[in-house]
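Per the numbering used here, the very first residue in the sequence shown carries number 2; after that it's consecutive.
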Amino acid sequence: SRGHVVDLPALEDALERGKVIGAGIDEYPYEPKTNNEEFINELRSQPNVILTPHIGGSTEEAQANIGNFVPGKLLEYINNGSTYGSVNFPEVQLPLLHDSHRLLHIHENVPGILAKINNIFATYHINIRGQYLKTDGNIGYVITDIAKNYADEVIGELKNIDKTIKFRLLY
2 SRGHVVDLPA LEDALERGKV IGAGIDEYPY EPKTNNEEFI NELRSQPNVI
52 LTPHIGGSTE EAQANIGNFV PGKLLEYINN GSTYGSVNFP EVQLPLLHDS
102 HRLLHIHENV PGILAKINNI FATYHINIRG QYLKTDGNIG YVITDIAKNY
152 ADEVIGELKN IDKTIKFRLL Y
């Protein structure tokens, strides 16, 4: 935790002497382990201080929700390519797919990747049933749903596009 970044006794002293007129703190050297445990902090008596202890994630309900949420998001990505709710990857919420193949292409976020992907499909006369592109910083994520029939060479060509980070045939 980052609870030791601010010297709380020094901050309390500066508040009492008027050197600091107010503060908002949300990281502490000690935080309650449960919502039933009392939150003790030397700044509680200061009138111009807002304290927000992190006890919300410690409730039984929160722990159960986190326990279901994280594996659920991983399964969504594994099973259909959705990344909705990701904090470090482009967010895409995808529909369920029937009678098609889903191809996932992760690449460096540079111009022209989508054109190269679509050129490969056009070269092999592959019908695109759905396509999604989302970029986030340095990463691009293209999801393409195609008809079931395609030449084996297509996968190799998609994997070998310059700036490809990862390619996956989902199903």
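Note that beta-carbon positions come from the ideal geometry of N, C-alpha and C, so glycine has one too.
Pick from 75, 48, 94 and 73 that is closest to residue 83, judged by C-alpha positions:
The count along the sequence shown starts at 1 and reaches residue 83 at position 82. Scanning 75, 48, 94 and 73 for the CA closest to the CA of residue 83 turns up 94.
Contact under 7 Å by Cβ, residue 164 with residue 108
In the sequence shown, counting from the first residue as 1, residue 164 sits at position 163. In the sequence shown, counting from the first residue as 1, residue 108 sits at position 107. The answer is yes: Cβ separation under 7 Å.
Contact the region 132-139 vs the region 58-73: 3+ CB pairs below 8 Å
Touching, no, given that fewer than three Cβ pairs across the two stretches are closer than 8 Å.
What are the boundary residues of the alpha helix (DSSP H) that includes residue 116?
The residue you call residue 116 lines up with position 115 of the sequence shown. For residue 116, the enclosing alpha helix (DSSP H) stretches over residues 114-124.
Since residue 155 contacts residue 127 with CB under 8 Å, what's their CB separation in whole angstroms?
As a working note, residue 155 is residue 154 in the sequence shown. As a working note, residue 127 is residue 126 in the sequence shown. That belief holds up - the Cβ atoms of residue 155 and residue 127 are roughly 7 Å apart, short of 8 Å.
Neighbourhood of residue 13 by C-beta distance below 8 Å, restricted to the same chain and skipping five residues each side:
Residue numbering aside, residue 13 sits at position 12 when the sequence shown is read from its first letter. Within the same chain, residue 13 has close Cβ partners 43, 44 and 47.
Spatial neighbours of residue 170 within its chain, please: CB distance less than 7 Å, with the 5 preceding and 5 following residues excluded, ordered by chain position.
Here residue 170 is taken as the residue at index 169 of the sequence shown, counted from 1. Excluding the 5 residues flanking it on each side, residue 170 has same chain C-beta neighbours closer than 7 Å at 102, 104 and 156, in chain order.
How far does the beta strand (DSSP E) with residue 64 in it extend, from its first residue to its last?
As a first step, residue 64 is located in the sequence shown; it is residue number 63 there, counting from the start. Residue 64: not part of any beta strand (DSSP E); member of the alpha helix (DSSP H) spanning 61-81, first to last residue.
Can you tell which of 150, 7, 140 and 143 has its C-alpha closest to the C-alpha of residue 24?
Start at 1 with the first residue of the sequence shown, and residue 24 comes out as number 23. Comparing C-alpha distances from residue 24 to each of 150, 7, 140 and 143 shows the shortest one belongs to 7.
Among 113, 76, 41 and 123, whose alpha-carbon lies nearest the alpha-carbon of residue 148?
Reading the sequence shown from its first residue, position 147 is the one you call residue 148. Residue 123 is the option with its Cα nearest to residue 148.
Boundaries of the beta strand (DSSP E) in which residue 13 is found, first to last residue:
In the sequence shown, the residue the question calls residue 13 occupies position 12. No beta strand (DSSP E) contains residue 13, which is instead part of the alpha helix (DSSP H) from 9-17.
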